[in-house]
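K.L.:
This structure is in structure tokens; I'll ask about it shortly.
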Amino acid sequence: MNRRPLSFRMTLLLLAVLLAAGTFALPGCSDNPYPPGESAGNVLYTSLLDDPKTLDPTIAYSAEDDVVICLLYSSYFHYNFLKRDPFVLEPDLGATMPRQETTFYAVQEKGRSVRKPGEKWIFSINHGLHFQNDPCFPGGKGREVTAADFLFAFRRMADPTAGFPLLDSVEDKILGMQEYVDYCAQRHKQRLGMDYDKPIAGLQLDPKDPYTFSIVLQKPYPQLRYIMAMHFTAPQAREAVLRYGSDLARHPVGCGPFQLSEYHHKQSLVLTASPYRPPLTYPTEGMPGDAAAGLLQDAGKPVPLVNKIVFTVIREPVTAWNLFLQGYLDAAAVSQTNYQQVMSHPGELSPEMKRKGIKLYRSVAADLFYFFFNMEDPTFGGYTPQKRKLRQAISLAVDSQAYIDLLYLGLGKQAQFAIPPSIFGYDPTYRNPYRQYNVARARQLLAEAGYPGGIDPKTGNRLTLYFDNYFTTANFRQIFGLFKKQMDAIGVRVVSRTYRYNVYQDKINNGEIQFSYYGWSCDYPDPENFLFLLYGPNKGPGPNYARYANPEYDRLFVQVRSMEDTPARAALIRRMRAIVQEDCPWICEQHSQVYAITHAWLFNIKSHPIALDTAIYRRVDGPQRARLQAAWNRPNYAPAVGLALFLIVGSLPALSVIHHRRNRRVRRKEEVAG
Amino acid sequence: MLWYIVRRLLYAVPILVGVSLLTFLIFYIAVSPQQLARRNLSAKNPTPQQIHEWLAEHGYDRPMPVQFAHHLEELFLLRFGKSDTQGAEPIWESIRQRWKPSFMLTSMIFVAELITAICFALVVAYFRGTYVDYWGTLLCVLLMSIVYMVYIIAGQYLFGKILKYFPLAGWGRGLEAWKFVLLPMLVGVIVSLGSSVRLYRTFMLDEINQDYVRTARAKGVSERAILFVHVLKNAAIPILTTSVQLIPALFLGNLLLEQFFDIPGLGNFLVDAIESQDFAVVRAMVFLGTLVTIVGYILTDISYALVDPRVRLE
């Protein structure tokens with residue numbers, strides 16, 4: 166059978182129709198990334214920059230991990246959502262505040278048993294708490310949480326394969342913990358599994374009460390209360406750990422307000438309110454101004470206030486920002502990328518944002534960014550008056566406000582000392598004399614240090630400061646550029662030495678750097694968590710990167726770290742501050758602040774620099790969101806119609822070409838026939 | 053032909069060893085095992101003991117030749133093991149979960165682009181020497197001159213943000229995935245359309261100038277019959293063979309599209325692994341990529357022999 170080829174005109178027409186159909190079909194699609202109808206529900210839509218590395222509460226130690234884990238695992242304490250200055254710890258799974266008693270324990274010293282005083286903290290947990298349902302439990306039904314589950318979490322800290330990040334902080338405090346850690350490490354070397362049954366003297370269960378446990382400390386450790394608010398100490402089900410092992414990272418079994426319903430790697434996590442959530446309520450008291458800000462409208466209501474949280478992994482900040490503008494994310498951060506669009510003036514939203522009903526919030530972090538000298542460096546280190554003056558001169562030449570204005574959108578608080586606002590020991594009236602930008606005074610001190618005009622008299626050349634770093638981002642390069650410019654003003658030459666991160670870290674640990682930049686965000690709101698960064702014994706490979714070692718500072722630190730927040734503690738901190746001020750191992754730059762914006766349908770926003778479970782207090786007006794989403798995202802048909810018309814009109818001359826060729830062929834046939 | 057395939061597969065062995073060795077060396081130059089350990093340990097300042105433990109657990113504490121030999125053995129046995137990152141899951145499990153989004157995206161781009169490019173190439177070839185040809189060629193050159201990222205950003209901006217036809221990024225389960233794949237597919241097709249139309253137009257014009265076409269014209273065969281019956285059939289041979297080699301790679305996904313559209317496919321998996329310096333995943337994916345490329349070339353040769361009777365595989 167002779168197949169006739171498709172007419173070319175037909176083909177062309179078909180192609181045009183297909184293209185036009187495709188063009189017209191486009192508007193049939195929706196740009197809503199969520200299932201139809203879901204936006205009107207009681208759901209919170211938020212984003213993550215990356216997939217959580219792990220959801221194992223013993224291991225996790227990054228913002229992406231913690232923000233999810235804190236919703237899945239509750240701990241003995243949590244922070245009051247509204248109260249600040251100071252932050253207030255409240256029982257979460259705990260029934261009461263822990264009772265502290267003095268106790269005595271026996272240790273072997275020189276072959277003799279010696280009784281030593283210690284502290285016993287007695288914790289009582291709520292009755293009727295349950296783990297979420299999971300196949301690891303008999304019948305798949307989550308069993309009741311008991312005191313043993315809290316102590317099991319402490320045992321997991323000793324697991325050498327887990328790599329518990331705060332092991333240094335707890336192993337020497339809890340009686341018998343160090344021995345247990347060593348025992349577990351030994352078993353690991355022998356390729357034996359964990360022994361979770363070996364008794365630990367400092368972790369005690371009450372034989373008469375399954376809801377009470379005690380922790381015996383061999384040295385005062387008031388920070389234990391904060392540790393008990395972190396997910397590391399959240400109760401863990403032994404059944405889950407034994408069943409899932411390292412897969413616990415992707416298979417959380419907690420007793421928190423939410424449970425993980427869906428986990429699509431690198432895509433999204435869906436958390437739904439747990440039927441077994443702890444009986445928590447929205448705070449009934451706040452700070453002055455909270456009621457006026459509408460933060461007490463839900464006072465006393467059971468939390469969480471939303472039924473579901475959808476975390477979408479969005480790696481590109483631009484994409485997250487556009488999704489926010491479309492109404493598909495409930496909140497967004499303000500960065501250098503979108504600042505011009507968000508703000509018309511510092512602190513004021515642009516008319517476009519106001520028209521959309523967007524609300525602006527300022528959140529203050531409990532952190533510190535600082536430059537530091539290597540105190541063992543032959544040129545800039547040391548404790549002689551000349552060396553101090555040299556560092557003080559450089560400190561005076563650094564204008565922190567310039568960094569804040571140029572790099573951080575004018576947000577941030579100039580740091581005078583290590584401790585940030587809202588942490589005990591912070592003094593708003595304190596002005597570090599060497600942190601007041603004063604180039605004339607800097608030059609004078611530089612001359613007194615033996616470098617008049619920044620010239621090294623030994624060589625006759627400009628004094629050179631090596632800025633060791635691993636900067637690869639534009640932001641960090643800007644920090645270096647600004648610092649270099651500021652040092653030029655006093656005649657000091659700055660040279661950047663950039664290393665790969667690993668090399669940089671080795672150099673820090675070995676004290677082979679001269680000057681660098683670092684940031685620290687606290688784990689808990691205690692001054693100890695900042696002051697320890699300058700404690701002598703913590704120098705490399707510890708967190709004392711400046712390798713600062715002042716015996717008087719160290720002596721005071723040992724006292725301060727074990728004290729409660731009292732005027733005496735504040736007085737000691739002031740003395741430590743005075744020492745650091747004169748030694749000047751650091752140039753404190755700023756305590757960071759950020760702007761955040763939310764849509765009109767999201768309520769109960771108050772940033773908390775420490776707590777990560779604040780999502781349980783959020784309230785959403787779903788119907789309003791659905792209405793606005795629909796209004797903001799109506800497809801624009803005009804360009805599609807225009808494109809289709811253009812294609813059709815553009816094809817018309819082609820038809821005449823076909824017609825012309827056909828006539829030519831017909832003429833040729835006629836000529837042949839003729 | 054069987055012996056030919058066996059021989060080609062044997063040739064693949066030194067290629068795979070070489071690629072693995074290069075990956076191994078490059079990775080070691082760029083990232084030391086200690087750095088890997090630091091990145092993957094959750095402590096802010098991991099102790100030397102913790103770093104040592106991590107290295108021992110992941111086998112990075114052994115001499116380099118021993119490590120390489122072990123890695124090679126595991127790769128050839130397709131035992132990819134676990135990722136180096138925290139909470140790692142078996143790499144095969146990740147591949148199993150991620151090949152579907154990748155394949156869905158790349159296969160749709162492949163089919164749509166192939167059909168569209170052939171259609172446009174036919175049109176341009178038919179109208180050779182006319183305004184359609186000139187403007188078409190110019191458009192193709194323009195399309196080829198623009199950087200991939202511009203298409204992605206412009207596509208997201210125009211079709212997602214301004215016209216609001218598609219979600220900007222993301223992925224859904226089951227049928228929900230459909231709406232997320234359209235925009236990256238459209239971008240993928242537009243990106244490769246310019247070069248494909250140019251290439252296929254060349255194939256068509258090569259055939260149009262052949263003696264058999266002149267003979268057909270002399271015999272009075274119509275232009276459309278020449279184009280659709282004779283030219284298209286013969287031009288399909290190079291089109292087929294250039295396309296066949298791409299088919300195995302469809303499973304590996306598209307690095308840029310998956311990254312920017314947050315598609316949880318294998319392309320994204322590899323980019324993540326490179327960013328997080330996950331050597332276990334990188335070496336597995338590079339090995340798999342090499343294997344798939346070699347298979348693609350073998351398939352190309354076979355398809356040549358199948359469609360062109362002049363070619364014999366010996």
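Those sequence lines, one after another, are chains Y and W.
Going by my numbering, the first sequence opens with residue 166, and the numbers climb by one from there.
Going by my numbering, the second sequence opens with residue 53, and the numbers climb by one from there.
Just so you know, even glycine gets a beta-carbon here, dropped at the ideal spot from N, CA and C.
Keep in mind that this is a model prediction, so the values were computed, not measured.
1. I'd like the ranges of any beta strand (DSSP E) spanning at least 3 consecutive residues and lying wholly in the region 476-523 of chain Y.
2. At a Cβ cut of 7 Å, what residues of the region 482-511 of chain Y count as close to chain W, listed as they run along the chain?
3. Which of helix, strand or coil does DSSP assign to valine 347(W)?
4. Out of Pro200(Y), Ala530(Y), Arg783(Y) and His756(Y), which has the shortest C-alpha to C-alpha gap to glutamate 228(W)?
5. In chain W, what lies closer than 8 Å to threonine 326(Y) by C-beta?
6. Which whole-angstrom value describes the C-beta separation of leucine 318(W) and serine 154(W), a residue pair presumed to lie in contact below a C-beta threshold of 8 Å?
7. Would you report the Cα separation of arginine 91(W) and leucine 698(Y), rounded to the nearest angstrom?
8. On a CA-only basis, which of Trp223(W), Ile299(W), Ser355(W) and Glu141(W) is nearest lysine 218(Y)? Give me that one, please.
9. If distances are taken between C-alpha atoms only, which option among Gln679(Y), Ala714(Y), Phe722(Y) and Asn715(Y) comes closest to asparagine 694(Y)?
10. What does a CB cutoff of less than 7 Å around tyrosine 682(Y) pick up in its chain, not counting 5 residues either side in sequence?
11. If you draw a straight line from the alpha carbon of isoleucine 57(W) to that of valine 363(W), how long is it in whole angstroms?
12. Confirm, please, whether the CB-CB distance from proline 330(Y) to tyrosine 226(Y) is below 8 Å.
13. Using a Cβ-Cβ cutoff of less than 6 Å, which residues in the same chain neighbour phenylalanine 189(Y) once the five nearest sequence positions on both sides are dropped?
14. Less than 8 Å between CB atoms is the rule here; does asparagine 801(Y) satisfy it with respect to chain W?
15. Cutting at 7 Å between CB atoms, please list the residues of its own chain near asparagine 167(Y), excluding the five before and the five after it.
16. Given that alanine 819(Y) touches chain W, what residues does it touch there, using C-beta distances under 7 Å?
17. Taking the DSSP output, what are the residues bridged to phenylalanine 811(Y)?
18. Any Cβ of chain Y within less than 8 Å of the Cβ of proline 219(W)?
19. Can you list, in chain order, the residues of its chain whose CB lies under 7 Å from that of glutamine 501(Y), leaving out five sequence neighbours each side?
20. Can you tell which of Phe313(W), Thr294(W), Ser248(W) and Lys216(W) has the C-alpha that lies nearest to the C-alpha of glycine 492(Y)?
21. When DSSP builds the beta bridges, which residues end up paired with tyrosine 631(Y)?
22. What's the call for glycine 577(Y), buried or exposed, on a 16-neighbour Cβ count within 10 Å?
23. Please list, in chain order, the chain Y residues whose beta carbon lies closer than 7 Å to that of arginine 90(W).
24. Does any residue of chain W bring its CB to less than 8 Å from the CB of valine 806(Y)?
25. Near alanine 580(Y), which residues of its chain fall below 8 Å by C-beta distance, leaving aside the five closest residues on each side in sequence?
26. Using DSSP with H/G/I as helix, E/B as strand and the rest coil, what is arginine 442(Y)?
27. Take histidine 243(Y) as the anchor and find which of Tyr391(Y), Ile584(Y) and Thr637(Y) has the nearest alpha-carbon.
28. What is the rounded straight-line gap between the Cα of proline 192(Y) and the Cα of glycine 421(Y)?
29. Tell me, to the nearest whole angstrom, how far the beta carbon of leucine 370(Y) is from that of leucine 316(Y); I am working on the premise that it is less than 8 Å.
30. Quick check on proline 708(Y): does DSSP put it in helix, strand or coil?
31. With which residues is leucine 696(Y) paired in a DSSP beta bridge?
32. What would DSSP say about aspartate 314(Y), mapped onto helix, strand or coil?
33. Where does arginine 150(W) sit, in a helix, a strand or coil, going by DSSP?
34. Cβ closer than 9 Å: which chain W residues qualify as neighbours of proline 200(Y)?
35. Hey, could you find the ends of the alpha helix (DSSP H) tryptophan 685(Y) is sitting in?
36. Would asparagine 603(Y) pass as an interface residue toward chain W - the criterion being a Cβ-Cβ separation below 8 Å?
P.N.:
Taking the structure as given:
1. 496-498 and 508-510
2. Thr484, Asn487 and Leu488
3. helix
4. Pro200(Y)
5. Glu105 and Glu109
6. 5 Å
7. 21 Å
8. Glu141(W)
9. Phe722(Y)
10. Phe536, Asn634 and Ile644
11. 15 Å
12. yes
13. With a pLDDT of only 49 at phenylalanine 189(Y), under 50, the local geometry of the prediction cannot be trusted, and no value is derived from it.
14. yes
15. Interpretation of asparagine 167(Y) is limited by its pLDDT of 46, a score under 50 that renders its predicted location unreliable; no figure is taken from the coordinates.
16. Phe179 and Val184
17. Answer by DSSP bridge pairing: none, since phenylalanine 811(Y) is not bridged.
18. yes
19. Leu574
20. Lys216(W)
21. Val660(Y)
22. buried
23. Asn667 and Gln670
24. no
25. Leu533, Phe534, Tyr535, Ser565, Arg600, Cys753, Glu754, Gln755 and His756
26. coil
27. Tyr391(Y)
28. Note that proline 192(Y) scores 44 on pLDDT, short of 50, meaning its location in the model is unreliable and no value can be drawn from it.
29. 7 Å
30. coil
31. None; leucine 696(Y) has no bridge partner.
32. helix
33. helix
34. Gly224 and Glu228
35. Counting along the chain, tryptophan 685(Y) falls outside any alpha helix (DSSP H), though it belongs to the beta strand (DSSP E) covering 680-686.
36. no
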